[in-house]
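Novice: Here's a structure for you.
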Amino acid sequence: MAGWVRVAKLDECPPGELKGVTANGVAIVLANLDGTVCALRDRCSHDDYPLSDGELDGGDVVCLYHGARFDACSGARKALPAIRPVDSFPVEIRDDEIYVDVG
Ligand code: FES
413 MAGWVRVAKL DECPPGELKG VTANGVAIVL ANLDGTVCAL RDRCSHDDYP
463 LSDGELDGGD VVCLYHGARF DACSGARKAL PAIRPVDSFP VEIRDDEIYV
513 DVG
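First residue of the sequence shown? That's 413 in my numbering, and the numbers climb one at a time after it.
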């Protein structure tokens, strides 16, 4: 359980929103998809800008800077200019607190 880190309260990342957090020095973007919270590395694979500056569109995180899209839960790349996925992390909700396993 050493990798699990509390990163935010659940109400700090409401449905339809992104939130940037840090866990053990790793920048993470949380995405709340209608109550399901997912976590990706907060660094776009196109040009390293933070994905947390972008927005959630359905199940996709859309990068603010050049429009790349990633699956908000798996990190799979869905649109150019990115050509690589981003890392995803396991998430658990415990007593209305969000925990992420950063390994
Ligand atoms: S930095 Fe994200 S699309 Fe370019």
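Yeah, the Cβ is synthetic: ideal placement off N, Cα and C, and Gly gets one too.
What you are looking at is a predicted structure, and each value in this text was computed from that prediction instead of being measured.
Run the CB neighbour count on G487, radius 10 Å, all protein chains shown included, and call it buried at 16 or more, exposed below.
Specialist: Buried.
Novice: Can you tell me which of the three DSSP states S486 falls into?
Specialist: Here S486 sits in coil by DSSP.
Novice: Output the distance between the C-alpha atoms of V433 and G447, rounded to the nearest integer angstrom.
Specialist: Whole-angstrom Cα-Cα distance: 18 angstroms.
Novice: On the DSSP bridge list, what partners appear for L452?
Specialist: V441 and S500.
Novice: Contact check, A451 vs V512 under 8 angstroms by CB: the rounded distance?
Specialist: That pair is a contact at about 5 angstroms.
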